[in-house]
Amino acid sequence: MERKALARRYRYLWMGEATNILFFTALFLYHALIDEEWSNWTARWIVRTYSLTIVIIILLQGVIWWRWKLCTLQAGQRTMPLRILIRFRRFRWVNWLLIGLFPAVLWLKWWLTDSFWSSSDTWLGLLFMGGAFLEQINYYYYQLMYDNRYDWAWLRTHRRLRQGSIGKALAQMSE
1062 MERKALARRY RYLWMGEATN ILFFTALFLY HALIDEEWSN WTARWIVRTY SLTIVIIILL
1122 QGVIWWRWKL CTLQAGQRTM PLRILIRFRR FRWVNWLLIG LFPAVLWLKW WLTDSFWSSS
1182 DTWLGLLFMG GAFLEQINYY YYQLMYDNRY DWAWLRTHRR LRQGSIGKAL AQMSE
């Protein structure tokens, strides 16, 4: 991909992730405001709040990553600064920790309400956690989003998923 097209793509990616953060936050706040039982938010909203927070944290990492990729490209450099890669290696670990703590949040929900599966909070939380898990895989392991001709051509040629952008940079850092 030529430099100008790559710059447009990086800009599109970071702005898209930032838009998703704003959209999810606005949707969450809207539904919180129309909920008549918001005063008991801990019991009714704890699982979806935790899960959505993790999604937003991972999306924010995407915003930061694509902005850095754009700045690196504009500076004429080919690799990310080492200090940025070290931070993203830590982010990857923290993300797994947060995802791994999800069962504790489910248990807390059950302990607070004595209801577990019948709650829309639990189902929405599971849905959002699935999104967080997929975003983690997409950034740090395998690219799951193929949204342009270049990506589709790569997928057809190699017949396997491409390594995620952050994961690829972290692997090159280890070499």
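According to the working numbering, the sequence shown holds residues 1062 to 1236 in order. Even for Gly, the Cβ is constructed at its ideal location relative to N, Cα and C. The structure presented is a predicted model; accordingly, all values stated were derived computationally and were not measured.
Counting along the chain, S1226 sits inside the alpha helix (DSSP H) bounded by residues S1226 to S1235.
Taking W1075 as the centre and dropping the five residues before and after it, the same chain places the C-beta of V1124, W1127 and R1128 closer than 6 Å to its C-beta, in chain order.
Between the C-alpha atoms of K1130 and D1175 there is a straight-line separation of about 47 Å.
For A1066, the enclosing alpha helix (DSSP H) begins and ends at R1064 to I1095. In the structure shown, Y1111 falls within a helical segment according to DSSP collapsed to helix, strand and coil.
Bounds of the alpha helix (DSSP H) holding D1182 are S1181 to Y1201.
A Cβ-Cβ contact shorter than 8 Å links A1193 with I1160. Excluding five sequence positions before and after Y1202, the CB atoms of its chain that fall closer than 6 Å to its own CB belong to G1225 and G1228, given in chain order. In this structure, E1196 and I1117 do not form a Cβ contact; the two beta carbons are roughly 10 Å apart against a cut-off of 8 Å.
Here N1156 carries a helix assignment [DSSP, helix/strand/coil]. Our two residues, L1113 and H1219, have alpha carbons roughly 34 Å apart in a direct line.
Around the CB of I1095, fewer than 16 other CB atoms lie within 10 Å, so the residue is classed as exposed.
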